[in-house]
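Student:
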Amino acid sequence: MKKLAAGNWKMNGSLEVLAELAKLEIRHKESTVNVLICPPAIYIQTALSLFSSISIGAQDCHMYQSGAYTGNISAEMLADLGVNYVLVGHSERRIDHTETDSMVLQKALAAQTAGIKPIICIGETLNQRESGQTLNVIEKQMNGSLHKDLTSYPFVIAYEPVWAIGTGHVPSSQQIAEVHNFCRNYLEHNFHEIAANTPLLYGGSVKGSNAKKIFAIPNVDGALVGAASLKVDDFSSIIEALEKS
-18 MKKLAAGNWK MNGSLEVLAE LAKLEIRHKE STVNVLICPP AIYIQTALSL FSSISIGAQD
42 CHMYQSGAYT GNISAEMLAD LGVNYVLVGH SERRIDHTET DSMVLQKALA AQTAGIKPII
102 CIGETLNQRE SGQTLNVIEK QMNGSLHKDL TSYPFVIAYE PVWAIGTGHV PSSQQIAEVH
162 NFCRNYLEHN FHEIAANTPL LYGGSVKGSN AKKIFAIPNV DGALVGAASL KVDDFSSIIE
222 ALEKS
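Residues -18 to 226 (our numbering) make up the sequence shown, in order.
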């Protein structure tokens, strides 16, 4: 299994930032890990023209192939452009757009049908963490967002505790290990042979300064990076830490 450093730009960035990030092509042209950038949809085509060794992904896709869904983009359209990955179930989508586990599953299946690897996002809120419900929440999300039909194609799991996203607060190594070990055991029990080849990413205030420590945690196979993925040096330092892990 190849490790993955994925950058989620969210609603940030510009053509200028994209051009600057092209320097990563030189720095990590022969990287031992997979590198992914998920810019806003409007920049995907430009990104695909700038990068060759770095994969380009999308931040979301619709669960249906086509139809009267104004403003939405289907997985087939993304595949038509050449997109390799798509995020589904990010907490900001779950909260702001009231996306359910069932909807996340349908999006993941739509992505796989189109030949795109879904990165299925899971994670608990601060209240859930403090009330001791973390693993119950994670299990519920995985039960609802994963399905045996997903075994036909590769997928990725990204654990992002909601309370750590963009806040500067990072769970302890023990807390991250607990969830990642739980996820690996869940995959081994429910998905058997593909479990060992399914990357488990950690996301939530990942920086160059803490990446080495995070990547030393068992069953952490990479990161879903937010703000740091918009700056060449910051993202490069995270990629380097993953390469050395």
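Ideal Cβ positions, reconstructed from N, Cα and C, are used throughout, including at glycine. The model shown is predicted, which means the values in this text are computed figures rather than measured ones.
For residue 160, which three-state DSSP category applies?
Tutor: Looking at residue 160 - three-state DSSP - the assignment turns out to be helix.
Student: For the structure I just gave you, are there three or more beta carbon pairs, one from the region 186 to 195 and one from the region 166 to 174, closer than 8 Å?
Tutor: No contact exists between the region 186 to 195 and the region 166 to 174.
Student: Measure the CB-CB distance between residue 116 and residue 86 and report whether it falls below 8 Å.
Tutor: In this structure, residue 86 does not lie closer than 8 Å to residue 116 by Cβ.
Student: By alpha-carbon positions, which one of 121, 135, 150 ends up nearest to residue 107?
Tutor: With distances taken between Cα atoms, residue 107 lies closest to 150.
Student: Along the chain, where does the alpha helix (DSSP H) that runs through residue 5 open and close?
Tutor: Where residue 5 is concerned, the enclosing alpha helix (DSSP H) stretches over 4 to 8.
Student: Considering only residues of the same chain and omitting the five flanking positions on each side of residue 65, which have a CB-CB separation below 8 Å?
Tutor: The residues are 17, 36, 37, 38, 97, 98.
Student: By DSSP's criteria, residue 68 is part of a beta bridge. Which residues make up the other side?
Tutor: Bridge partners of residue 68: 100.
Student: Among 5, 93, 119, 101, which one has its Cα closest to the Cα of residue 60?
Tutor: When only C-alpha atoms are compared, the closest one is 93.
Student: Distance check for residue 12 and residue 6, CA to CA, integer angstroms please.
Tutor: Spanning the two alpha carbons is a distance of roughly 10 Å.
Student: Ends of the beta strand (DSSP E) at residue 205?
Tutor: First-last of the beta strand (DSSP E) with residue 205: 203 to 206.
Student: Since residue 72 and residue 102 should fall inside the 8 Å C-beta cutoff, what is the C-beta to C-beta distance between them, to a whole number of angstroms?
Tutor: Right, the Cβ-Cβ distance comes to about 7 Å (below 8 Å), so this counts as a contact.
Student: Could you tell me the distance, in whole angstroms, from the CA atom of residue 144 to the CA atom of residue 51?
Tutor: Computed Cα separation, rounded: 31 Å.
Student: Considering just the uninterrupted stretch of the beta strand (DSSP E) at residue 18, what are its terminal residues?
Tutor: Run containing residue 18: 15 to 19, per the beta strand (DSSP E) assignment.
Student: What first and last residue would you give for the alpha helix (DSSP H) that runs through residue 124?
Tutor: Residue 124 -> alpha helix (DSSP H) spans 115 to 126.
Student: By the 10 Å Cβ neighbour count, where 16 or more other Cβ atoms means buried, how is residue 202 classified, buried or exposed?
Tutor: Buried, since its Cβ has 16 or more Cβ neighbours within 10 Å.
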